[in-house]
Ligand code: 5GP
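Residue numbers (the numbering used here): 1149 to 1338.
This is the structure:
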């Protein structure tokens, strides 16, 4: 039987820079493979359509019935889900919201969950607005940030402040370096 992959999960309020960090992490560490999620939300004007597998609700619901997701959740009216990763050489990096991270932990208590936080609420707001989202959308995301933070803090292995992408990337890499070998089964050959 093949060993389950080591799973690292980035969580944190929308706009905190998880996506940028996730891309920087896989670029810096070839052992990490970034999972691409499915979503029913529309493509944003600032996106090129490769950020997710953008699908309609019926397609997503069929995939749920087929048990195709490692985890999935509804977030602000849209569905998001992580396809089950193939067992392989790589460690798996997920960039998801907190209900999904809870499901991952329920299946795999060895997953490392990193809560990414903004240096301040003002910075979070600035980043959300800079992303081109409408006012109503920004307000909705900001109002749910404290709840996401509280839930995130309850399950996070570590908390990292995204004050600077390079610095935060280095911090996360060193956390993974510290926790990865200890959590690997000793029988698994590297
Ligand atoms: P956005 O619409 O801003 O791209 O994403 C909204 C939230 O959904 C973000 O917190 C993002 O991390 C999360 N998300 C993205 N993909 C997944 C997924 O596969 N599962 C879950 N549970 N959340 C996801």
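Heads up, the beta-carbon is just placed ideally off N, CA and C, and yes, glycines get one too. Just so it is clear, the structure is predicted and the values come from calculations on it, not from any experiment.
Closest residue to residue i among the options (Cα-Cα distance)
i: residue 1229; options: 1236, 1239, 1209, 1257; result: 1209
i: residue 1264; options: 1324, 1177, 1311; result: 1311
i: residue 1169; options: 1313, 1298, 1327, 1281; result: 1313
i: residue 1172; options: 1302, 1188, 1241; result: 1241
i: residue 1301; options: 1323, 1269, 1262, 1325; result: 1262
i: residue 1317; options: 1167, 1239, 1153; result: 1167
i: residue 1308; options: 1158, 1250, 1154, 1215; result: 1158
i: residue 1155; options: 1295, 1298, 1255, 1268; result: 1255
i: residue 1218; options: 1204, 1207, 1234, 1226; result: 1234
i: residue 1215; options: 1205, 1204, 1231; result: 1231
Coarse secondary structure for residue i, derived from DSSP in three states
i: residue 1231; result: strand
i: residue 1283; result: helix
i: residue 1203; result: coil
i: residue 1307; result: strand
i: residue 1244; result: coil
i: residue 1222; result: strand
i: residue 1208; result: helix
i: residue 1191; result: coil
i: residue 1321; result: helix
i: residue 1254; result: helix
Cut-off 7 Å between Cβ atoms - residues of its own chain near residue i, not counting five sequence neighbours on either side
i: residue 1279; result: 1163, 1194
i: residue 1282; result: none
i: residue 1191; result: 1197, 1202
i: residue 1324; result: 1156, 1260
Contact test: residue i Cβ vs the ligand 5GP heavy atom, cutoff 7 Å
i: residue 1273; result: no
i: residue 1221; result: yes
i: residue 1248; result: yes
i: residue 1300; result: no
i: residue 1287; result: no
i: residue 1244; result: yes
i: residue 1187; result: yes
i: residue 1229; result: yes
i: residue 1282; result: no
i: residue 1162; result: yes
Beta-carbon proximity list for residue i, same chain, < 8 Å, skipping 5 on both sides
i: residue 1272; result: 1161, 1163, 1164, 1266, 1290, 1293
i: residue 1223; result: 1245, 1247
i: residue 1327; result: 1260, 1305
For the structure I just gave you, are there three or more beta carbon pairs, one from the segment 1175–1188 and one from the segment 1273–1287, closer than 8 Å? They do not touch, by the three-pair rule.
Indicate whether the contact test is met: 3 or more Cβ pairs, each with one atom in the segment 1172–1179 and one in the segment 1194–1206, closer than 8 Å. These segments do not touch.
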